[in-house]
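Visitor: Take any residue in the sequence shown, count from 1 to its spot, add 18: that is its number in our numbering.
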Amino acid sequence: MAVSMDQLESFVAAAEQGSFSGAARLLKKAQSAVSTHVANLEADLGIALFDRAGRNPVLTEAGARLLPEAKLILDRREHLIGVASSFEAHVEKRLVVAIDELYPESAVGELFAEFAGRFPHVELELLFPIMEDVSRLVLDGKADVGVMWRQEHLPPELGFKTIGWVPLQLVCGENHPLAHGRVDWEELKRHRQIMVTVRNEGTERHRLRVAAEVWWVESHWVILQILKQGVGWALIPAHIMASSSVAEELAIPELEFDEGAHPVALEVV
19 MAVSMDQLES FVAAAEQGSF SGAARLLKKA QSAVSTHVAN LEADLGIALF DRAGRNPVLT
79 EAGARLLPEA KLILDRREHL IGVASSFEAH VEKRLVVAID ELYPESAVGE LFAEFAGRFP
139 HVELELLFPI MEDVSRLVLD GKADVGVMWR QEHLPPELGF KTIGWVPLQL VCGENHPLAH
199 GRVDWEELKR HRQIMVTVRN EGTERHRLRV AAEVWWVESH WVILQILKQG VGWALIPAHI
259 MASSSVAEEL AIPELEFDEG AHPVALEVV
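#1: On the criterion of 16 or more Cβ atoms from any shown chain inside 10 Å, does Lys111 qualify as buried, or is it exposed?
#2: Using the beta-carbon count (16 or more within 10 Å), is His139 buried or exposed?
#3: If you reduce the DSSP assignment to three classes, tell me which class Arg217 lands in.
#4: Are the region 186-198 and the region 254-274 touching, with three or more C-beta to C-beta distances below 8 Å?
#5: Could you pull out every unbroken alpha helix (DSSP H) segment of at least 4 residues lying fully inside the region 53-113, listed in chain order?
#6: Could you tell me which residues DSSP pairs with Pro271 in its beta bridges?
#7: Expressed to the nearest angstrom, what Euclidean distance is found between the alpha-carbon atoms of Val163 and Glu87?
#8: Would you give the residue range spanned by the alpha helix (DSSP H) that Ala252 belongs to?
#9: Suppose you measure from the CA of Ile241 to the CA of Val235; what does that come to, to the nearest Å?
#10: Which of the three DSSP states is assigned to Pro195 in this structure?
#11: If you compare alpha carbons, which of Leu142, Gln169, Gly135, Gly127 is closest to Glu150?
#12: DSSP beta-bridge partners for Ile212?
#13: Determine the contact status of Ile250 and Gln211, defining contact as a CB-CB distance below 8 Å.
#14: Where does Leu120 sit, in a helix, a strand or coil, going by DSSP?
#15: Just the Cα atoms here: how many angstroms apart are Ala80 and His257?
#16: Would you kindly check if the distance between the Cβ of Pro122 and the Cβ of Ile91 is under 8 Å?
#17: Please report the residue range of the beta strand (DSSP E) in which Val163 lies.
#18: For Ile181, which three-state DSSP category applies?
#19: Thinking C-beta only, is Leu206 closer than 8 Å to Trp167?
#20: Under a Cβ-count criterion, where at least 16 other Cβ atoms within 10 Å of its own Cβ denotes burial, should Glu27 be classed as buried or exposed?
#21: How is Glu141 classed by DSSP in three states: helix, strand or coil?
#22: Can you grab the Cα-Cα spacing for the pair Phe130 / Phe137, in whole Å?
#23: Considering just the uninterrupted stretch of the alpha helix (DSSP H) at Asp158, what are its terminal residues?
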């Protein structure tokens, strides 16, 4: 699945303007281009975002659910471009950005393609640490800006700004005991939890711990490969789960205690 910024912009504009023609005027594009972007987005996602039965398109239930997520991705792009702009205004010639994999990877390529167009003479280095390794790189002067999930204890030397929220989903293999029936909190504690971790011991690695037995893994993508074998459960960013090649071999259990979404804040530091 390769969702583009043009598709998301067309989707959001059509939803806000109430028509594809209004979206086309807002975006200064041909109506056919806007309609095509939305149709391609629906095909990529495998769902209908608009009901086109009437004179004007109306958001479906799925479209209404995904609209705020699309807006968040577009807002994140604009915020990072704004941060980069402040660097160029001070004649910075090199920018090092550390990005946690919580940031949707589908947005990274287009974000920095736009960056290249707006700041053609700024040398860019992208790093992909996770969790508090992001803030550690910024604190140590090895990165100029970081994008990461909110830490419970952020170093006071660093400033931060929340730029959105990333929903986490409880995931297990399709043949795991948790995949069958509704799951309560006590049952989660009895099964092995697979948790993402940094290389250095820190408080963040224990923050979402529930189970007594835990495996630690450096990558959400590798965690999914482990989960499909039925050896545990994990909290996984929804966009990583959606784009995983093994998603069909995984399950999202029905939970007794909430609606299944565990949002964490995404911040620029």
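Just so it is clear, CB atoms sit at the ideal spot from N, CA and C, and this is done for glycine as well.
Guide: According to the structure shown:
#1: exposed
#2: exposed
#3: coil
#4: yes
#5: 79-107
#6: Per DSSP, none; premise fails for Pro271.
#7: 23 Å
#8: Where Ala252 is concerned, there is no enclosing alpha helix (DSSP H), although the beta strand (DSSP E) it sits in stretches over 251-255.
#9: 7 Å
#10: helix
#11: Gln169
#12: Trp233
#13: It should be pointed out that residue 250 corresponds to Gly in this sequence rather than to Ile. Contact flag set, yes.
#14: coil
#15: 15 Å
#16: yes
#17: 163-167
#18: strand
#19: no
#20: buried
#21: strand
#22: 10 Å
#23: Careful: Asp158 lies outside any alpha helix (DSSP H) and carries neither H nor E.
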